[in-house]
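**Student:**
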Amino acid sequence: MSPSGGTSYRAVLSVPCARRLFLTAALGRLAYAILPLGLLLSVAQATSFTTAGLVAAATGATIVLAGPWRAGLVDRYGRRALIPLMLGYVAGNVVLLIALRWEAPVVALVAIGALTGASPPPLGPSMRVMWSRLVDREDVQRAYALDAVTEEVLFTTGPLVTGVLVGVFSPQSAVLAGVCVLAVGTVAFVSSPGPGAATGEAAGSAEQGPPESPLRAAGFVRALVMLAGVSSAMSLVYVGVPVIATQAGHPAVAGPLEAAIAAGSAVGGLLYGRRAWRRPLGYRLNVVCLALAAVVAGLAAAGGTWWLLVPGLFAAGMCLSPALIIAYSIGDTVVAPAARTRASIWVNTAGNAGGTAGAMLAGVLADRLPAQALFLIAGIVLAGVVAAAGRSAHRGTQKELAGAAGR
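Mapped onto our numbering, the consecutive letters of the sequence shown carry residue numbers 6 to 412.
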């Protein structure tokens, strides 16, 4: 365990076993930032972008739907369950490339994509469970902050790696590189010493049967609803940014503007993780959601004024990582240890579901309303979520999180 009162990210990584587990998990997770674009371009090159979209949708659907099942395997059998999942995912991607070369029908490609999406190993949730076992309670939020910022970096770097591979070689080379990175990272992570090692005890033994669903933990569903609201609002913002840039006659500015959100998220996560917070987690999540609601609503007033829009988007990004970190921390606090991998998956699922809903709403409204209206609607969505779930979330988790007030 980490020394009590550690004050830096270096102290967290100096915990025995932590550095190797963290780096190997990050290597494997890099594959998830490389593969989506590589697969999309591979299918599009061999067929069409319509077919590529169908395959990507089928893969994404089963990734989400089978997420709790995959996490349940890890909760029950430990890290060793990641190996067969990894092998299934690697095989699915390779089979898809072979099917493309053989000019398989669209229905077969979609079916292969759906089967492939059922098996990606949950390396991120597994690493977050490792953090909860490796470090002291006061250092868990710092570990989660490091994890969240690392994920931001990975999903910024991954598409760049894919772009280089596609430009120099081919889309298929990016897919093969992605599965190789995943295989190496997963095997190294599973074989690393630490809690729940491949030959050690699992989070919940098979003899005990499957642990109770994390959705039954007091306050956890409310936290998921609020995180979904955050993701939904930010999807509206992400759509609004290119709209407002295009309407101003500078569509190329959309990239740097959205980069301001990512930069803000990284900074927000790092700053949040360094501070010892006294308020309960449920209260903090309320505050972050309200702050984000105020910021995104304020973006409507900024309009196309760049010197206001850039810091506003940066400030919005600063709320993203803390919201995610708090949601993970609530799951870690109120959910039984034997179900924490699934709890982490549910946090991801809530974020993805909210983001998808927000993107759909933005798609319907983008051609009918000015970009400023999308920002205002994002603020209203968040305020509504806080009003509907935030108050009850604070009350429902107050007792359970009392012990975490000094985290």
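Every residue gets a Cβ at the ideal spot worked out from N, C-alpha and C, and that includes glycine.
Thinking just about the alpha-carbon of each residue, which of Ala223, Ser236, Gly274, Leu304 is nearest to the one in Leu262?
**Tutor:** Start at 1 with the first residue of the sequence shown, and residue 262 comes out as number 257. When only C-alpha atoms are compared, the closest one is Leu304.
**Student:** Is Pro89 helix, strand or coil when you go by DSSP?
**Tutor:** In the sequence shown, the residue the question calls residue 89 occupies position 84. Helix.
**Student:** Please work out which residues of its chain come closer than 7 Å, Cβ to Cβ, to Val95, disregarding the five sequence neighbours upstream and downstream, and give them in chain order.
**Tutor:** For the purposes of this step, residue 95 is identified with residue 90 of the sequence shown, where counting begins at 1. Contacts found: Val184, Leu187, Ala188.
**Student:** Grab me the residues of Gln146's own chain with a C-beta within less than 7 Å of its C-beta, minus the 5 sequence neighbours each way, in chain order.
**Tutor:** Position 141 of the sequence shown, counting from 1, holds the residue named residue 146. These residues qualify, in order along the chain: Gly278, Ile330, Ser334, Arg412.
**Student:** Using DSSP with H/G/I as helix, E/B as strand and the rest coil, what is Glu108?
**Tutor:** To locate residue 108, count along the sequence shown from 1; it is residue 103. If DSSP states are grouped into helix, strand and coil, Glu108 belongs with coil.
**Student:** Can you tell me the Cα-Cα spacing of Ala348 and Leu220, whole angstroms?
**Tutor:** Sequence index remark: in the sequence shown, residue 348 carries index 343 (1-based). Sequence index remark: in the sequence shown, residue 220 carries index 215 (1-based). Going from the Cα of Ala348 to the Cα of Leu220 covers about 8 Å.
**Student:** Tell whether a beta-carbon distance below 8 Å holds between Pro125 and Ile68.
**Tutor:** Position 120 of the sequence shown, counted from the first residue, corresponds to residue 125. Position 63 of the sequence shown, counted from the first residue, corresponds to residue 68. The answer is yes: Cβ separation under 8 Å.
**Student:** Assuming Gly317 contacts Ala307 (C-beta within less than 8 Å), just tell me the rounded distance between them.
**Tutor:** If you number the sequence shown from 1, residue 317 lands on position 312. If you number the sequence shown from 1, residue 307 lands on position 302. Contact holds; Cβ gap of about 5 Å.
**Student:** Checking 8 Å against the spacing of the C-beta atoms, do Ala57 and Ala49 come in under that value?
**Tutor:** By 1-based counting over the sequence shown, the position of residue 57 is 52. By 1-based counting over the sequence shown, the position of residue 49 is 44. Yes; because the gap between Cβ atoms is below 8 Å, this pair is in contact.
**Student:** Per DSSP, what kind of secondary structure is Cys22 in: helix, strand or coil?
**Tutor:** Indexing the sequence shown from 1 puts residue 22 at position 17. DSSP places Cys22 in coil when its eight states are reduced to three.
**Student:** Would you check if the distance between the CB atom of Leu59 and the CB atom of Pro176 is smaller than 8 Å?
**Tutor:** If you number the sequence shown from 1, residue 59 lands on position 54. If you number the sequence shown from 1, residue 176 lands on position 171. Not in contact: Leu59 and Pro176 (Cβ atoms no closer than 8 Å).
**Student:** Is the distance from the Cβ of Gly65 to the Cβ of Gly122 below 8 Å?
**Tutor:** Along the sequence shown, one-based indexing puts residue 65 at 60. Along the sequence shown, one-based indexing puts residue 122 at 117. A contact, by the Cβ cut-off of 8 Å.
**Student:** From which residue to which residue does the alpha helix (DSSP H) around Gly303 run?
**Tutor:** Taking the sequence shown and counting its residues from 1, the one referred to as residue 303 is at position 298. Taken as a continuous stretch (DSSP letters only), the alpha helix (DSSP H) holding Gly303 covers 286-307.
**Student:** Where does Phe174 sit, in a helix, a strand or coil, going by DSSP?
**Tutor:** Here residue 174 corresponds to residue number 169 of the sequence shown, with the count starting at 1. Here Phe174 sits in coil by DSSP.
**Student:** For Trp107, count the other beta carbons within 10 Å of its own beta carbon; 16 or more makes it buried, fewer makes it exposed. Which is it?
**Tutor:** As a working note, residue 107 is residue 102 in the sequence shown. Result: exposed.
**Student:** May I have the straight-line CA-CA distance separating Pro247 from Arg138, to the nearest angstrom?
**Tutor:** Position 242 of the sequence shown, counted from the first residue, corresponds to residue 247. Position 133 of the sequence shown, counted from the first residue, corresponds to residue 138. So the two alpha carbons sit approximately 42 Å from each other.
**Student:** Just the Cα atoms here: how many angstroms apart are Val390 and Ala104?
**Tutor:** Numbered from its first residue, the sequence shown carries residue 390 at position 385. Numbered from its first residue, the sequence shown carries residue 104 at position 99. Distance between the alpha carbons of Val390 and Ala104: 44 Å.
**Student:** Please identify the residue among Ala150, Leu387, Leu366, Ile350 whose C-alpha is closest to the C-alpha of Gly129.
**Tutor:** Sequence index remark: in the sequence shown, residue 129 carries index 124 (1-based). Measuring from the Cα of Gly129, the nearest candidate turns out to be Ile350.
**Student:** Leaving out the 5 sequence neighbours to the left and right, which residues in its chain are closer than 6 Å to Ala298 when beta-carbon positions are compared?
**Tutor:** Stepping through the sequence shown from its first residue, residue 298 is reached at position 293. Contacts found: Gly384, Leu387, Ala388.
**Student:** Note down, in chain order, each residue of its chain lying with its Cβ closer than 6 Å to the Cβ of Ala271, except the 5 sequence neighbours on either side.
**Tutor:** Stepping through the sequence shown from its first residue, residue 271 is reached at position 266. Excluding residues within five positions, the ones whose Cβ falls inside 6 Å are Val154, Glu157.
**Student:** Can the beta-carbon of Trp136 be found less than 8 Å from the beta-carbon of Ala150?
**Tutor:** The residue given as residue 136 occupies position 131 in the sequence shown. The residue given as residue 150 occupies position 145 in the sequence shown. Cβ atoms of Trp136 and Ala150: not closer than 8 Å.
**Student:** My assumption, with CB atoms under 8 Å, is that Leu241 sits in contact with Gly356. Please give the rounded CB distance.
**Tutor:** If you number the sequence shown from 1, residue 241 lands on position 236. If you number the sequence shown from 1, residue 356 lands on position 351. About 14 Å; that fails the 8 Å criterion.
**Student:** Given a threshold of 16 other Cβ atoms within 10 Å of its Cβ, counted over all protein chains shown, does Gly83 qualify as buried or as exposed?
**Tutor:** For the purposes of this step, residue 83 is taken as residue 78 along the sequence shown, with counting starting at 1. Gly83 should be labelled buried.
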